[in-house]
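Position 14, counted from 1, in the sequence shown is what my numbering calls -2; the numbers after and before it change by one each time, with no gaps.
Positions of the beta carbon are idealized from the N, C-alpha and C atoms, including for glycine.
Structure first, then comments.
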Amino acid sequence: MPAIAPGSATAEAHPNIALVKYWGKRDEALNLPCVGSLSITLDRIRTRTQVTFVAGAGADGVQLNGKTSESARVGAGLDLLRARAGVDWRAEVVSDNNFPTAAGLASSASGFAALMLAGAQALGLALPPGELSALARRCSGSAARSIFGGFVEWARGECADGRDSIAHPLLDRAEWPLAVAIAVTSVAAKSVSSTVGMRRTAATSPFQGAWVATQEADLAAARAAVAAHDFARLAEVSEHSCLKMHALALAARPGLIYWNGATVACMHRVRELRGQGMPVFFTVDAGPQVKAVCLPEALPAVAAALREVPGVLEVIECGLGAGAHLVAGPHA
Ligand code: 2P0
């Protein structure tokens, strides 16, 4: 008999946005990336997840945003925790996002970071943040980074078993507060998931080798920019990494086009604003939303400018947020 009783816990985690992007896996089973990446964790938008274990084996139940959801990935993530704890209890998972799910707003990052923290706590597993990061990575690569707040780096790692492919915090959000205006241009779920897109890219894009070969220089430049609080340098390397990742994916067969017309219009608008002296740059993930990263004093003007771009449905304003953390209850 296990020494612990089934319990319940609730955790919150925020999405993160990569400034130096993750794209491509060197091991799909363990979710090990071809490249390291560097991100900022957001505030305001979040996933809140309650995990309740129930004694006795059986199917897990998952509710996402009030609807019953089939999620093999949730079950697989919980299996990692059950194996650690030596139990076979099934779980009831209740999760909600206060932002559009699966539209390039990194809901899998916040979702799996919150799931693993709540699940570990509900099983009484006292896991250090690095181990939680590795477990979250197994569910979804970018979730490794949402365990931490502020500026975060996820190391590619060298070990075949992935034990060194974990995220760590680079700089606290209070040390260099940045702001992000997210221009939502579509709330439809994306047509090609990141996992499938990465697989297709690695198999068919002629630029895959160049992508991997140039990543370390981008990471070094971004790390230095973060350490020096050098916004112009961070802007340059971040837009480069974003456009390089999309060029890589565009060159897959068939090519992956994650942008719509409003996405491109927002990117041009951000560059116009920067040309006028505003401290702002863009980044875009595997979806059509544009994230405009700026100094906090520029946020109202950046958000207002993006709201006027035709095709922009909504602009969400965020600052930098904390890492995954436990909260009192699902509706606290
Ligand atoms: C990133 N993206 O670094 C990159 C940039 C999207 C574009 O991480 O297959 O949902 O679950 O590991 O983490 C999105 O990919 O993919 C992502 P899986 P994930 O943020």
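Three or more beta-carbon pairs separated by less than 8 angstroms are not found between the region 41 to 53 and the region 16 to 30, which leaves the two stretches without contact. With 16 or more other CB atoms across the displayed protein chains lying within 10 angstroms of its CB, C250 is buried. Secondary structure of L109 (DSSP, three-state): coil. Under the three-state reduction of DSSP output, D63 falls in the helix class. Closer than 7 angstroms to some heavy atom of the ligand 2P0: that describes the Cβ of N15. Cβ neighbours of L257 within its own chain (closer than 7 angstroms, five residues either side excluded): V264, V286, A289.
When the beta-carbon positions are compared, F135 and P113 stay at least 8 angstroms from each other. With a cutoff of 8 angstroms on beta-carbon distance, A93 and P153 are scored as not near each other. Beta-carbon to beta-carbon, A186 and G8 are separated by about 5 angstroms, close enough to satisfy the 8 angstroms threshold.
In this structure, G20 and E115 do not form a Cβ contact; the two beta carbons are roughly 19 angstroms apart against a cut-off of 8 angstroms. In this chain, Q273 is not harboured by any beta strand (DSSP E), its DSSP state being neither H nor E. Per DSSP, reduced to three states, the secondary structure at E142 is coil, with no helix or strand assignment. Under the three-state reduction of DSSP output, G50 falls in the coil class, being neither helix nor strand.
A distance below 8 angstroms separates the beta carbons of L109 and L65. Within the region 152 to 192, the beta strand (DSSP E) runs of at least 3 residues that lie entirely inside it are, in chain order, 163 to 168. Between the beta-carbon of V176 and that of L240 there is about 6 angstroms, and that keeps the pair under the 8 angstroms contact cut.
Of all alpha-carbon atoms in E12, G42, Q105, the one lying nearest the alpha-carbon of A(-5) is that of Q105.
Here F83 carries a coil assignment [DSSP, helix/strand/coil]. Counting only heavy atoms of the ligand 2P0, the residues whose C-beta sits closer than 5 angstroms to one of them are, along the chain, A2, K5, Y6, S21, S92, S124, G125, S126, S178, T179, D269, A270.
In this structure, the beta-carbon distance from G307 to T25 falls below 8 angstroms. By the Cβ neighbour-count rule, G70 is exposed, with fewer than 16 other Cβ atoms within 10 Å of its own. Listed as beta-bridge partners of F266 by DSSP are A276. Short of 8 angstroms from the beta carbon of R255, and not among the five residues preceding or following it, lie these beta carbons of its own chain, in chain order: F266. Relative to K228, the option among L304, I29, Q199 whose CA is nearest is Q199. Positions of the beta strand (DSSP E) runs, each at least 3 residues long and wholly inside the region 19 to 50, are given as 21 to 25, 31 to 38, 45 to 48 in order along the chain.
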